[in-house]
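1 is the number of the first residue of the sequence shown in the UniProt record's numbering; add one for each residue after it. Just so you know, even glycine gets a beta-carbon here, dropped at the ideal spot from N, CA and C.
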Amino acid sequence: MGSTRNKEVLIDLLQREGNNVCADCRDEEPEWASCNLGIFLCQVCAGIHRGLGTDISRVKSTRLDNWDDDQVKRMAEIGNEVANSKYERFLPMFYKRPTKEDVDIVRQQFIKAKYQRLEFCNIDKQASYNSPTKEGHLLKKGKYKTKFQSRKFILTRQDNKIKYYNKESAKQPKEDIELDDLNAVFVPEKMGNPNGLQLTYLKDGTTRNLFVYHESAQEIVSWYTAIRAAKFERRKVAFPDREDSELAKDLTTNFYCEGYLHKMGPNNEPYKKRWFTLDRRKMSYLEEPMSPFPKGEVFIGHQDGGYSVDIGGPDVKSNQGFPFTQKTPERLYILCAESHDDRERWIMALKKIIDTPLTPQDTRLATYLSSKRKSSFKLKMN
Numbered sequence: 001m002g003s004t005r006n007k008e009v010l011i012d013l014l015q016r017e018g019n020n021v022c023a024d025c026r027d028e029e030p031e032w033a034s035c036n037l038g039i040f041l042c043q044v045c046a047g048i049h050r051g052l053g054t055d056i057s058r059v060k061s062t063r064l065d066n067w068d069d070d071q072v073k074r075m076a077e078i079g080n081e082v083a084n085s086k087y088e089r090f091l092p093m094f095y096k097r098p099t100k101e102d103v104d105i106v107r108q109q110f111i112k113a114k115y116q117r118l119e120f121c122n123i124d125k126q127a128s129y130n131s132p133t134k135e136g137h138l139l140k141k142g143k144y145k146t147k148f149q150s151r152k153f154i155l156t157r158q159d160n161k162i163k164y165y166n167k168e169s170a171k172q173p174k175e176d177i178e179l180d181d182l183n184a185v186f187v188p189e190k191m192g193n194p195n196g197l198q199l200t201y202l203k204d205g206t207t208r209n210l211f212v213y214h215e216s217a218q219e220i221v222s223w224y225t226a227i228r229a230a231k232f233e234r235r236k237v238a239f240p241d242r243e244d245s246e247l248a249k250d251l252t253t254n255f256y257c258e259g260y261l262h263k264m265g266p267n268n269e270p271y272k273k274r275w276f277t278l279d280r281r282k283m284s285y286l287e288e289p290m291s292p293f294p295k296g297e298v299f300i301g302h303q304d305g306g307y308s309v310d311i312g313g314p315d316v317k318s319n320q321g322f323p324f325t326q327k328t329p330e331r332l333y334i335l336c337a338e339s340h341d342d343r344e345r346w347i348m349a350l351k352k353i354i355d356t357p358l359t360p361q362d363t364r365l366a367t368y369l370s371s372k373r374k375s376s377f378k379l380k381m382n
């Protein structure tokens, strides 16, 4: 078979069901492949495959490289669906499959677990994150200090908690965190560490932020996955009649939007620069990106409850940048982004939330913030 004919066959194979998305992250229109594994890949995942070594994965471009007959035959015989039936045979429902929006560590460790460590081919290789208890040490940032220190962490499914201890000999934990209220998000850019993980949870009516990492990318992802596994197991017990695919949704959720904005005070006070984080329906603003507690939090409800976001704002001077207004039933939040694109990013993220109906978990969050928060404004349920 000639090289031109081989290219035509590859193009045809790329149109087939399953091959038209990346075998790992499911991004559309892959143009790369692993000729020995028989799978089609996007450019980013192909780069990670190269790092595995040619003994595991041999990467080629479907359009730029030359293919011999045997290689094309192997691609035709295997393809993404057949390969995934082998390499993802025991992929847990709670394990985070990467998407093109995820940070590097999520994608890298998924691919290494899948092809290098073969964790999804053998359940016994999943013990580091799929066990009743996980114990170990993570480097944790001090509450009001920049220094990271090693702390013992223990996660127990039976108690539905993750605890950490300030001293190795301590009998009582420094913090005892309910997993139901916990979100875990990789934030490498914010922390300046490729393995940086942010844990957020509700404490005394407000959000507490913990920043941790481990020198080993595999180990920090194991902790992240153990949190997801424990939350999934609890949901299965609480809702035995629901499908696993439904229970696995939103075990952890990436922040919808983050960055600096300028915020006007409640009584037309001068603008102050704050770090904003949009964590599902909770918009927090902080003095610094890694502050332990927010200065304030705003629940973002549904449009039928009086929530909206619009470009501009009342009495906003042109030198304040690119203004927009977040409306709640209680007040208007006048905010300014530093660029047009940044404003569009925030407005799109907020509109997506406002257009989405509330879940029971959302109502619980609104009630919690409304009844216990100690900041200068109150949130009221509609």
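CA-to-CA distance, residue 72 to residue 5, given in whole angstroms: 10 Å
For a test of the three-state rule: what should DSSP assign to residue 296, helix, strand or coil? strand
For residue 179 and residue 161, which I take to be in contact (beta-carbon distance under 8 Å), what is that distance rounded to the nearest angstrom? 6 Å
Keeping to the same chain, check which residues put their C-beta closer than 6 Å to that of residue 262; ignore five residues upstream and five downstream. 271, 273 and 336
Do the CB positions of residue 94 and residue 228 come within less than 8 Å of each other? yes
Residue 266 versus residue 99 - alpha carbon distance: 39 Å
Since residue 232 is in the alpha helix (DSSP H), which residue starts that stretch and which ends it? 217-238
Status (buried if at least 16 other CB within 10 Å, exposed otherwise) for residue 118: exposed
Give me the Cα-Cα distance between residue 352 and residue 236, rounded to the nearest whole angstrom. 28 Å
Given residue 323 as reference, the closest of 311, 121 and 331 once Cα atoms are compared: 311
Given a threshold of 16 other Cβ atoms within 10 Å of its Cβ, counted over all protein chains shown, does residue 380 qualify as buried or as exposed? Annotation note: pLDDT 33 at residue 380 (below 50); position unreliable, no value reported.
Classify residue 301: buried if its beta carbon has 16 or more other beta carbons within 10 angstroms, exposed otherwise. buried
Rounded to a whole number of angstroms, what is the C-alpha to C-alpha distance between residue 277 and residue 33? 37 Å
Using the beta-carbon count (16 or more within 10 Å), is residue 64 buried or exposed? exposed
Residue 153 versus residue 163: straight-line alpha-carbon distance, rounded: 6 Å
So what does DSSP say about residue 290, is it helix, strand or coil? coil
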